[in-house]
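Student:
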Amino acid sequence: MNINQLTIKQARDGLRKRKFSSFEIVQSCLAEIKKRKKLNAFITVCEKEALEKARKADKEIKDGTDLPLFGIPISVKDIYLTKNIRTTAASKVLDDYIPQYSATVIEKLEENGAIIIGKTNCDAWAHGSSGENSDYGPTRNPWGEEYVPGGSSSGSAVSVSSSMCLASTGTDTGGSIRLPASFCNVVGLKPTYGRVSRYGIVAMASSLDSIGHFTKDVEDSALILSITAGKDLNDATMPNKRVDDYEGYLEKGVKGVRIGIPKEYFLEGLDKRVKEKVEQKVKKLEELGAKIEIISLPHTEYATACYYIIQPAEVSSNLARYDGVRYGNNRTYFGDEAKRRTMLGVYVLSSGYYEAYYKKAMQVRTLIKRDFDGAFKKVDVIITPVSPTLPWKIGEKADPLSMYLSDIYTVTANLAGIPGLSVPIGFIDSLPVGMQILGPQFSEGKLFQTGKQIENL
Amino acid sequence: MKINVKHVAKLSNLPLSENEEKKFEKQLSEIISYVDKLKKANTINTEITSQVTGLENVIRQDKNASSFSQKEATSNSKSNYNGMFKIKKILR
Numbered sequence: 114m115n116i117n118q119l120t121i122k123q124a125r126d127g128l129r130k131r132k133f134s135s136f137e138i139v140q141s142c143l144a145e146i147k148k149r150k151k152l153n154a155f156i157t158v159c160e161k162e163a164l165e166k167a168r169k170a171d172k173e174i175k176d177g178t179d180l181p182l183f184g185i186p187i188s189v190k191d192i193y194l195t196k197n198i199r200t201t202a203a204s205k206v207l208d209d210y211i212p213q214y215s216a217t218v219i220e221k222l223e224e225n226g227a228i229i230i231g232k233t234n235c236d237a238w239a240h241g242s243s244g245e246n247s248d249y250g251p252t253r254n255p256w257g258e259e260y261v262p263g264g265s266s267s268g269s270a271v272s273v274s275s276s277m278c279l280a281s282t283g284t285d286t287g288g289s290i291r292l293p294a295s296f297c298n299v300v301g302l303k304p305t306y307g308r309v310s311r312y313g314i315v316a317m318a319s320s321l322d323s324i325g326h327f328t329k330d331v332e333d334s335a336l337i338l339s340i341t342a343g344k345d346l347n348d349a350t351m352p353n354k355r356v357d358d359y360e361g362y363l364e365k366g367v368k369g370v371r372i373g374i375p376k377e378y379f380l381e382g383l384d385k386r387v388k389e390k391v392e393q394k395v396k397k398l399e400e401l402g403a404k405i406e407i408i409s410l411p412h413t414e415y416a417t418a419c420y421y422i423i424q425p426a427e428v429s430s431n432l433a434r435y436d437g438v439r440y441g442n443n444r445t446y447f448g449d450e451a452k453r454r455t456m457l458g459v460y461v462l463s464s465g466y467y468e469a470y471y472k473k474a475m476q477v478r479t480l481i482k483r484d485f486d487g488a489f490k491k492v493d494v495i496i497t498p499v500s501p502t503l504p505w506k507i508g509e510k511a512d513p514l515s516m517y518l519s520d521i522y523t524v525t526a527n528l529a530g531i532p533g534l535s536v537p538i539g540f541i542d543s544l545p546v547g548m549q550i551l552g553p554q555f556s557e558g559k560l561f562q563t564g565k566q567i568e569n570l
Numbered sequence: 087m088k089i090n091v092k093h094v095a096k097l098s099n100l101p102l103s104e105n106e107e108k109k110f111e112k113q114l115s116e117i118i119s120y121v122d123k124l125k126k127a128n129t130i131n132t133e134i135t136s137q138v139t140g141l142e143n144v145i146r147q148d149k150n151a152s153s154f155s156q157k158e159a160t161s162n163s164k165s166n167y168n169g170m171f172k173i174k175k176i177l178r
């Protein structure tokens, strides 16, 4: 096993015991990035800077400095502003944009010792479910290069999956962390809306955007959230909620945990093999003492339609700021998907259509949220598939609507503002499959508790 | 449902070629037909949800903080003059 394949926890232990240096970890990650360049996981690699920081970290480790992420190389979705490091959002509009400040999450990760190894590829502006919409070319799935890795945080998932770093940041507006995590066999967390600061991250749909991450296991996911979560005065949409001791949930097991299985998520359209895999795992959890209950989330059938009104409406407003005056290029540089979503958003907000589309969608959002509120009176967590299908081939979903429908099991969590964790549950035809655990707002601890048990099965 | 792409593109401040207009008209109309399924949902007397935090009237602290220098603030601009953004004339 190479040291770039370690989890954060394992790497920290090794660094403390001086089994290897941070410099060596960074070097072996950089070697992996070069070796698998074809996957197109990175837009910018910070080779020189990362090696310098690692050398400095090694010195300080010798002097006794100890931080949770000290000397650990991470990658960052290229939609997080990073001071003095080019940030493109994978769009040619921001091709030469060098931020003057860093996102709050980046500051927190760096304060805790993390080393940024590079900025990862993604669907431009985080618009996409496959990773193919990048203006810098599609990202490829490390488990089968002709397959999509899932999007929008495609490069982030790929970089963790193929050990080009030990963890990565992502954003999830409708599934953009959970879907690629599932397609690439890594753990992906979409926290509760408002749990992690959105400040300094290119906004997609501001009432839905959740700031999360990819890790190799559930324990590392809990560790990263305990660093990134918490109030930031620069984000006005963060409730003043105490940050839980997430790592304290990891060994609690599932005995007595009430798990809901929503029947609407297992209907027609779901690949039978995926269904079987999820059901097998649920059965095992039951054997370990979890209480399984079939529940109903009756408005699920409206979720994708609701999402594809609210999200483009907010996109059209957020992308209106790109005028090429203060930074970036002008609006002729937008790619097709950004144009589609902007126009769709403008349309549903325009005079004569606002009531029929936007207002109606906001009402349906209430119904979807109420479905979950009701369900969580009966169960602690809900388990569903992440994606109705296995990863598809690059170029296979050519029309935008069929691409939108791949988000069917993930958009609900964003509409309701609840957290979701995607955990790997094995392979079908050598392609990864994931399972989604949902919980009430601010119940991330419970998700880690259940997720850790699934990992141990 | 057919969508007037010319009009929507104008409202969006997006310049489109004729080919693009055709392509987007078809794609957007398909998407709109799909989202039309919401019409079936019963939303009589249902409140709207525009955000999920329940927070209201959040205001920032009335505190001074350092800000960018003019040089930093204009560092990404392709057109500036004397530390200011230079834009096209908007008044005559």
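Heads up: the sequence lines are chains E and G, in that order. Residues 114 to 570, numbered by our numbering, are exactly what the first sequence covers, in order. Residues 87 to 178, numbered by our numbering, are exactly what the second sequence covers, in order. Glycine included, C-beta positions come from ideal geometry on N, C-alpha and C. Remember, predicted model here, so these are calculated numbers, not experimental data.
1) When burial is assigned at 16 or more other CB atoms within 10 Å of the CB, is E/Met-114 buried or exposed?
2) Along the region 492-520 of chain E, where does the CB come closer than 9 Å to a CB of chain G? Name the residues.
3) Given that E/Ile-422 touches chain G, what residues does it touch there, using C-beta distances under 9 Å?
4) What residue range is occupied by the uninterrupted alpha helix (DSSP H) comprising E/Phe-555?
5) Are the beta-carbon atoms belonging to E/Leu-182 and E/Ala-216 less than 8 Å from one another?
6) Would you kindly report the start and end of the unbroken beta strand (DSSP E) that includes E/Glu-406?
7) Taking 8 Å as the CB-CB cut-off, is G/Glu-116 touching chain E?
8) Starting from E/Gly-539 and walking both ways along the alpha helix (DSSP H), at which residues does that stretch end?
9) Does any C-beta atom of chain G lie closer than 8 Å to the C-beta of E/Tyr-210?
10) For E/Cys-235, go through chain G and note every residue whose CB falls closer than 9 Å to its CB, in chain order.
11) At a Cβ threshold of 8 Å, is E/Pro-352 touching chain G?
12) Going by C-alpha distance, which of E/Asp-248, E/Ser-188, E/Asp-322, E/Leu-534 is nearest E/Leu-222?
13) Tell me the rounded alpha-carbon separation between G/Lys-174 and E/Asn-442.
14) Taking the alpha helix (DSSP H) that G/His-93 belongs to, which residues open and close that run?
15) Could you tell me the distance, in whole angstroms, from the CA atom of E/Ile-340 to the CA atom of E/Lys-147?
16) Skipping 5 residues on each side, what residues in its chain have a beta carbon closer than 7 Å to that of E/Val-459?
17) May I ask you to list, following chain order, the residues of the region 451-462 of chain E that have a beta carbon less than 7 Å from some beta carbon of chain G?
18) Please check if any C-beta of chain G sits within less than 8 Å of the C-beta of E/Cys-419.
19) Can you tell me whether DSSP reads E/Gly-288 as helix, strand or coil?
20) To which residues does DSSP link E/Thr-157 through a beta bridge?
21) From E/Ile-407, E/Val-271, E/Gly-343, E/Phe-136, pick the residue whose C-alpha is nearest to that of E/Arg-311; which is it?
22) Given a cut-off of 8 Å, decide if E/Ile-138 and E/Pro-186 are closer than it, judged by their beta-carbon atoms.
23) Going by DSSP, name the residue or residues bridged to E/Pro-498.
24) Is the shortest distance between the beta-carbon of G/Leu-192 and the beta-carbons of chain E less than 8 Å?
25) Please give me, in chain order, every unbroken run of the alpha helix (DSSP H) with length at least 4 that falls completely inside the region 222-285 of chain E.
26) Chain E partners of G/Ser-153, CB-CB under 7 Å?
27) Taking Cβ positions only, does G/Asn-162 come closer than 8 Å to chain E?
28) Assuming E/Gln-554 and E/Thr-305 are in contact, meaning their beta carbons sit under 8 Å apart, how far apart are those beta carbons, in whole angstroms?
Tutor: Quick answer:
1) Locating residue 114 of chain E in the first sequence gives position 1, where the first residue counts as 1. It counts as exposed.
2) Asp-512, Pro-513, Leu-514, Tyr-517, Leu-518
3) Residue numbering aside, residue 422 of chain E sits at position 309 when the first sequence is read from its first letter. Going along chain G in sequence order, the residues near E/Ile-422 (Cβ under 9 Å) are Val-121, Leu-124.
4) For the purposes of this step, residue 555 of chain E is taken as residue 442 along the first sequence, with counting starting at 1. Per DSSP, E/Phe-555 belongs to no alpha helix (DSSP H) and is neither H nor E.
5) What you label residue 182 of chain E is simply residue 69 of the first sequence in a count that begins at 1. What you label residue 216 of chain E is simply residue 103 of the first sequence in a count that begins at 1. It is not a contact, given that the beta carbons lie outside the stated cut-off.
6) For the purposes of this step, residue 406 of chain E is taken as the residue at position 293 of the first sequence. Where E/Glu-406 is concerned, the enclosing beta strand (DSSP E) stretches over 404-408.
7) One-based indexing of the second sequence puts residue 116 of chain G at position 30. Yes, because at least one Cβ of chain E sits closer than 8 Å to the Cβ of G/Glu-116.
8) Counting from one through the first sequence, the residue named residue 539 of chain E turns up at place 426. Looking at the DSSP string, E/Gly-539 is not in any alpha helix (DSSP H); the run it does join, the beta strand (DSSP E), is 533-541.
9) In the first sequence, residue 210 of chain E corresponds to position 97, counting from 1. It does; some Cβ of chain G falls within 8 Å.
10) The residue given as residue 235 of chain E occupies position 122 in the first sequence. Near E/Cys-235 there are no residues of chain G at all, since even the closest Cβ is about 21 Å away, more than 9 Å.
11) The count along the first sequence starts at 1 and reaches residue 352 of chain E at position 239. So, interface residue.
12) For the purposes of this step, residue 222 of chain E is taken as the residue at position 109 of the first sequence. The shortest Cα separation from E/Leu-222 among E/Asp-248, E/Ser-188, E/Asp-322, E/Leu-534 belongs to E/Ser-188.
13) By one-based count along the second sequence, residue 174 of chain G stands at place 88. By one-based count along the first sequence, residue 442 of chain E stands at place 329. When rounded, the distance between both Cα atoms is 15 Å.
14) In the second sequence, the residue the question calls residue 93 of chain G occupies position 7. Its alpha helix (DSSP H) spans residues 91-97.
15) Indexing the first sequence from 1 puts residue 340 of chain E at position 227. Indexing the first sequence from 1 puts residue 147 of chain E at position 34. Each residue's Cα considered, the two are about 30 Å apart.
16) In the first sequence, the residue the question calls residue 459 of chain E occupies position 346. For E/Val-459, where only same-chain residues beyond five positions count, the Cβ hits under 7 Å are Ser-429.
17) Lys-452, Arg-453, Thr-455, Met-456, Leu-457, Val-459, Tyr-460
18) On the first sequence, position 306 is the one that residue 419 of chain E refers to. Interface residue, yes.
19) Here residue 288 of chain E corresponds to residue number 175 of the first sequence, with the count starting at 1. Correct three-state label for E/Gly-288: coil.
20) Position 44 of the first sequence, counted from the first residue, corresponds to residue 157 of chain E. E/Thr-157 pairs with E/Lys-232.
21) If you number the first sequence from 1, residue 311 of chain E lands on position 198. Here the closest residue by C-alpha is E/Gly-343.
22) In the first sequence, counting from the first residue as 1, residue 186 of chain E sits at position 73. In the first sequence, counting from the first residue as 1, residue 138 of chain E sits at position 25. Contact: yes.
23) On the first sequence, residue 498 of chain E is found 385 positions in, with the first residue counted as 1. According to DSSP, E/Pro-498 bridges with E/Met-548.
24) Lying outside 87 to 178, the shown extent of chain G, residue 192 of chain G is not represented and no answer is given.
25) 267-274
26) Position 67 of the second sequence, counted from the first residue, corresponds to residue 153 of chain G. Those within 7 Å of G/Ser-153 in chain E number zero; the least Cβ separation is about 10 Å.
27) Within the second sequence, the letter at position 76 stands for residue 162 of chain G. Closer than 8 Å to some Cβ of chain E, the Cβ of G/Asn-162 qualifies, so yes.
28) Locating residue 554 of chain E in the first sequence gives position 441, where the first residue counts as 1. Locating residue 305 of chain E in the first sequence gives position 192, where the first residue counts as 1. With a Cβ gap of about 5 Å, E/Gln-554 and E/Thr-305 count as contacting.
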